[in-house]
Amino acid sequence: MMKKICRFLSPLLIAALVLGSLPVVAASQPTPGATLISTEEALSAESGQTHRERIHTILAREDVQEQLVAQGVDPAEVEARVAALSDAEAAQMADQLEELPAGASVVGALFAVFVILLVTDILGLTNVFPFTR
Amino acid sequence: MLTSRIRYVENARAEGVLVWHKQLWRMPGLRVTGLCLLLLLMSGCAATPQLAETTQQRLPERLLLDDIPFHGQRDYQCGPAALAMVLNAQGVDVSVDTLIPQVFLPSREGSVQPEMLATVRRHGRIPFVIEGNLDTLLTEIAAGQPVVVMQNLSLPAWPLWHYAVAIGFDLEASEMILHSGMEPQRVESFRRFDATWARSHRWALVTLPPGKLPETIGEDAAIEATTAWERLQGAKPSLPAWTALVERFPDSAMGHFALGNARHAVGDDAGAIHAFERAVANDPNLAAGWLNLGLVYQAQGENHQARQAMQRAADLPGRWQTQAEQALESLSQ
Chain A
0 MMKKICRFLS
10 PLLIAALVLG
20 SLPVVAASQP
30 TPGATLISTE
40 EALSAESGQT
50 HRERIHTILA
60 REDVQEQLVA
70 QGVDPAEVEA
80 RVAALSDAEA
90 AQMADQLEEL
100 PAGASVVGAL
110 FAVFVILLVT
120 DILGLTNVFP
130 FTR
Chain B
0 MLTSRIRYVE
10 NARAEGVLVW
20 HKQLWRMPGL
30 RVTGLCLLLL
40 LMSGCAATPQ
50 LAETTQQRLP
60 ERLLLDDIPF
70 HGQRDYQCGP
80 AALAMVLNAQ
90 GVDVSVDTLI
100 PQVFLPSREG
110 SVQPEMLATV
120 RRHGRIPFVI
130 EGNLDTLLTE
140 IAAGQPVVVM
150 QNLSLPAWPL
160 WHYAVAIGFD
170 LEASEMILHS
180 GMEPQRVESF
190 RRFDATWARS
200 HRWALVTLPP
210 GKLPETIGED
220 AAIEATTAWE
230 RLQGAKPSLP
240 AWTALVERFP
250 DSAMGHFALG
260 NARHAVGDDA
270 GAIHAFERAV
280 ANDPNLAAGW
290 LNLGLVYQAQ
300 GENHQARQAM
310 QRAADLPGRW
320 QTQAEQALES
330 LSQ
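First to last, the protein sequences are chains A and B. Sequential numbering of the first sequence, starting at 0, is according to numbering that gives the first Met the number 0. Sequential numbering of the second sequence, starting at 0, is according to numbering that gives the first Met the number 0.
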């Protein structure tokens with residue numbers, strides 16, 4: 000039952016999202032005689048970004064907002080955080096937030112890992128334990 | 000009898016050793032240990048990184064930026080702490096507590112690089128990611144800039160990602176000085192620092208107010224950083240940034256183009272025309288430059304010059320050709 004509803008709803012949702020984003024895409028195309036080509040647009044054209052990739056980056060922002068809320072960020076902060084990202088950063092966050100290194104994660108406290116890291120610390124390859132300096 | 004007994008004991012011992020070996024090999028932790036040690040031996044040990052001779056001659060023997068405020072990290076919040084240090088050093092009055100909800104990802108217990116840059120933008124400073132090597136890092140510090148670096152203090156398999164602020168060095172002792180974690184002015188050997196820094200592909204961040212550029216920044220990186228900042232902060236505050244950029248890179252067509260856009264956005268069309276002209280002089284194939292030049296001329300009522308510029312844009316194949324042709328048409332109507 001649930002599956003059926005999903006199957007029915009998904010295309011509708013996709014269509015709604017795509018349609019909803021179209022005006023944004025259209026707005027970024029300046030009408031002749033009125034708006035100049037923006038620096039961002041010119042740069043994306045210079046870097047060989049296709050129109051399709053540009054739509055993708057615009058969609059990416061909504062995606063990142065959802066992901067940040069899921070990661071426990073205060074919803075009141077999310078919009079301002081996403082607004083401060085560049086297009087490229089938003090796309091990067093949307094595509095690979097899980098793989099991005101996050102400063103200050105914790106090491107899995109396995110004993111074997113402890114031993115290896117102790118050795119590599121002493122060898123001067125790592126810097127996990129403060130006492131090995 | 001005796002010899003056979005001895006042989007028996009020897010056999011048993013050999014078998015025992017074998018069994019023990021097998022059991023050892025079955026213990027997952029130790030298997031990993033063995034593999035890792037093997038990998039370590041194969042990959043060789045990290046050597047002390049060498050500075051280019053030209054860098055070495057330019058830099059002082061010892062240097063410490065001793066006026067950079069220190070904020071000890073709490074929990075896993077080295078990202079907000081590192082940002083507070085560099086922003087405070089720039090005269091931005093912001094506390095770690097303000098920065099935490101802006102950059103920290105609670106479920107990751109850390110902060111990711113794109114958001115580090117974004118947060119700097121929100122506080123009115125431009126984040127520049129400089130080329131990652133020891134030469135550029137030390138050059139920036141010598142120019143008076145504290146540099147946020149990302150390190151993996153552990154091995155790639157069990158990463159311990161960490162942000163610290165590089166504030167000094169001692170060339171003779173081959174040592175870095177960093178505000179790191181709970182420790183102000185922590186001393187780390189170049190070798191250990193570079194081994195941990197290399198695991199983040201030597202990510203390094205300099206924050207500056209608009210109008211200033213890092214010593215070692217390249218043209219493309221500077222344009223990218225300024226464009227992203229302008230997107231958030233608007234054209235007017237970006238004007239000094241673009242002016243500084245074309246002063247540093249006078250041949251940059253994109254730089255002049257961006258300056259022209261910013262000037263047009265604040266209503267300085269004469270200045271915009273000048274900048275767009277510099278842009279297309281530097282790169283006659285910059286169709287966007289010709290088109291914008293034509294559009295500003297048109298807004299000024301200079302239809303003759305507008306037509307000339309738009310014609311140049313319309314002659315260039317590419318993304319803007321259709322738009323240039325339409326602009327030409329609307330001009331003749």
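In this text, a Cβ means the ideal position worked out from N, Cα and C, and glycines have one as well.
Leaving aside the five residues before and after residue i along the sequence, list all residues of the same chain whose C-beta is less than 7 Å from its C-beta, in chain order.
{"i": "B:Gly317", "result": "Ala286"}
{"i": "B:Leu330", "result": "Gln297, Asn302, Ala305, Arg306 and Met309"}
{"i": "A:Pro22", "result": "At A:Pro22, the pLDDT of 42 sits below 50, so the modelled position is not reliable and the matter cannot be decided from this model."}
{"i": "B:Val102", "result": "Gly78, Pro79, Leu82, Ser110, Glu114, Met115 and Thr118"}
{"i": "B:Glu214", "result": "Thr138, Glu139 and Ala142"}
{"i": "B:Leu294", "result": "Ala326"}
{"i": "B:Ile380", "result": "What is shown of chain B runs 0 to 332, which leaves residue 380 of chain B out entirely."}
{"i": "B:Pro239", "result": "Pro209 and Gly210"}
{"i": "B:Ser333", "result": "Lying before the first or after the last residue shown, residue 333 of chain B is absent from chain B, which here runs from 0 to 332."}
{"i": "B:Gln363", "result": "The structure shown does not extend to residue 363 of chain B, since chain B is modelled only from 0 to 332, so the question has no answer here."}
Leaving out five residues on either side along the sequence, give the residues of the same chain with a beta carbon under 6 Å from the beta carbon of residue i.
{"i": "A:Met92", "result": "Val63"}
{"i": "A:Gln95", "result": "none"}
{"i": "B:Gly71", "result": "Met181"}
{"i": "B:Phe275", "result": "Gly259, Gly288, Asn291 and Leu292"}
{"i": "B:Gln184", "result": "Ile176"}
{"i": "B:Arg120", "result": "Trp228 and Leu231"}
{"i": "B:Asn281", "result": "Asp250 and Ala252"}
{"i": "A:Thr56", "result": "Asp86 and Ala90"}
{"i": "B:Thr135", "result": "Ile129 and Thr215"}
{"i": "B:Gln144", "result": "Val205"}
List the residues of chain A that residue i touches, going by C-beta distances under 7 Å, in chain order.
{"i": "B:Asn87", "result": "Within 7 Å Cβ-Cβ: nothing; B:Asn87 doesn't reach chain A, min ~18 Å."}
{"i": "B:Leu98", "result": "What B:Leu98 touches in chain A: nothing, since even the nearest Cβ is about 11 Å away."}
{"i": "B:Leu260", "result": "It should be noted that the sequence gives Asn, not Leu, for residue 260 of chain B. Chain A residues near B:Asn260: Leu35, Ser37 and Thr38."}
{"i": "B:Trp319", "result": "Ile36"}
{"i": "B:Arg191", "result": "Gly123 and Asn126"}
{"i": "B:Thr195", "result": "Thr125 and Asn126"}
{"i": "B:Ser331", "result": "Those do not exist, as B:Ser331 stays about 11 Å from chain A at its closest Cβ, beyond 7 Å."}
Given that residue i touches chain B, what residues does it touch there, using C-beta distances under 7 Å?
{"i": "A:Lys91", "result": "Per the sequence shown, residue 91 of chain A should be read as Gln rather than Lys. Within 7 Å Cβ-Cβ: Pro113."}
{"i": "A:Leu84", "result": "Pro113 and Ala117"}
{"i": "A:Thr56", "result": "Ordered by position in chain B, no residue passes the 7 Å Cβ test against A:Thr56, which lies about 12 Å from the chain."}
Run through chain B and tell me which residues come within less than 8 Å of residue i, C-beta to C-beta.
{"i": "A:Glu61", "result": "Within 8 Å Cβ-Cβ: nothing; A:Glu61 doesn't reach chain B, min ~16 Å."}
{"i": "A:Glu45", "result": "Met253"}
{"i": "A:Leu42", "result": "Ile222, Glu223, Thr226 and Met253"}
{"i": "A:Leu116", "result": "Ser153, Leu154 and Trp157"}
Run through chain A and tell me which residues come within less than 8 Å of residue i, C-beta to C-beta.
{"i": "B:Trp289", "result": "Result: empty, since nearest Cβ-Cβ is about 10 Å, beyond 8 Å."}
{"i": "B:Leu231", "result": "Ala82 and Ala83"}
{"i": "B:His263", "result": "Leu35"}
{"i": "B:Leu410", "result": "Residue 410 of chain B lies beyond the stretch modelled for chain B, which goes from 0 to 332, so this question has no answer here."}
{"i": "B:Phe256", "result": "Thr38 and Ala41"}
{"i": "B:Arg335", "result": "This structure leaves residue 335 of chain B out entirely; chain B is present only between 0 and 332."}
Quick one: residues in its chain with C-beta nearer than 8 Å to the C-beta of residue i, no 5 flanking neighbours on either side, listed in chain order?
{"i": "B:His200", "result": "Gly131"}
{"i": "B:Glu60", "result": "Asp169, Leu170 and Glu171"}
{"i": "B:Thr226", "result": "Ala257"}
{"i": "A:Ala79", "result": "none"}
{"i": "A:Pro74", "result": "Val68"}
Which residues in chain B have a C-beta closer than 9 Å to the C-beta of residue i? List them in chain order.
{"i": "A:Glu88", "result": "Gln112, Pro113, Glu114, Leu116, Ala117 and Ala227"}
Interface residues of chain A around residue i at Cβ under 9 Å?
{"i": "B:Arg120", "result": "Ala83, Leu84 and Ser85"}
{"i": "B:Arg73", "result": "Those do not exist, as B:Arg73 stays about 10 Å from chain A at its closest Cβ, beyond 9 Å."}
Report the residue ranges of all alpha helix (DSSP H) runs contained in full by the stretch 117–163 of chain B; include only those spanning at least 4 residues, in chain order.
133–141
What are the start and end residues of each continuous alpha helix (DSSP H) run of 4 or more residues lying completely inside the stretch 196–284 of chain B, in chain order?
218–232, 234–247, 252–264 and 268–281
Please list the segments of the beta strand (DSSP E) lying wholly inside the stretch 59–101 of chain B, counting only runs of 3 or more residues, in order along the chain.
61–63
Taking 8 Å as the threshold, find out whether the stretch 65–78 of chain A comes into contact with the stretch 239–246 of chain B through three or more Cβ pairs.
no
Quick check: the stretch 211–226 of chain B against the stretch 249–263 of chain B, are at least 3 beta-carbon pairs closer than 8 Å?
yes
Going residue by residue through the stretch 281–310 of chain B, where are the continuous alpha helix (DSSP H) segments of at least 4 residues, counting only ones entirely within it?
286–298
The stretch 160–178 of chain B: which residues have C-beta closer than 8 Å to a C-beta of chain A, in chain order?
Trp160, His161 and Tyr162
Using 8 Å as the Cβ pair cut-off and three pairs as the minimum, do the stretch 76–84 of chain A and the stretch 102–119 of chain B touch?
yes
Could you run through the stretch 68–80 of chain A and flag, in chain order, every residue whose CB is less than 9 Å away from some CB of chain B?
Ala69, Gln70, Gly71, Val72, Asp73, Ala75, Glu76, Ala79 and Arg80
Pair every Cβ in the stretch 258–277 of chain B with every Cβ in the stretch 233–242 of chain B, then say whether three or more of these pairs are closer than 8 Å.
yes
Decide yes or no for the touch test of the stretch 69–83 of chain B against the stretch 97–116 of chain B: beta carbon pairs closer than 8 Å, at least 3 of them.
yes
Using 8 Å as the Cβ pair cut-off and three pairs as the minimum, do the stretch 39–46 of chain A and the stretch 55–68 of chain B touch?
no
Quick one: which residues of the stretch 128–160 of chain B get their C-beta closer than 9 Å to a C-beta of chain A? List them in chain order.
Met149, Gln150, Asn151, Leu152, Ser153, Leu154, Ala156, Trp157, Pro158, Leu159 and Trp160
Would you check if the stretch 47–59 of chain B and the stretch 155–162 of chain B touch, i.e. whether three or more CB-CB distances between them fall below 8 Å?
no
Kindly provide the ranges of any alpha helix (DSSP H) runs that are 4 or more residues long and lie completely inside the stretch 70–132 of chain A, ordered along the chain.
74–82, 86–95 and 110–122
Would the stretch 115–130 of chain A count as touching the stretch 147–159 of chain B if we require 3 or more Cβ pairs under 8 Å?
yes
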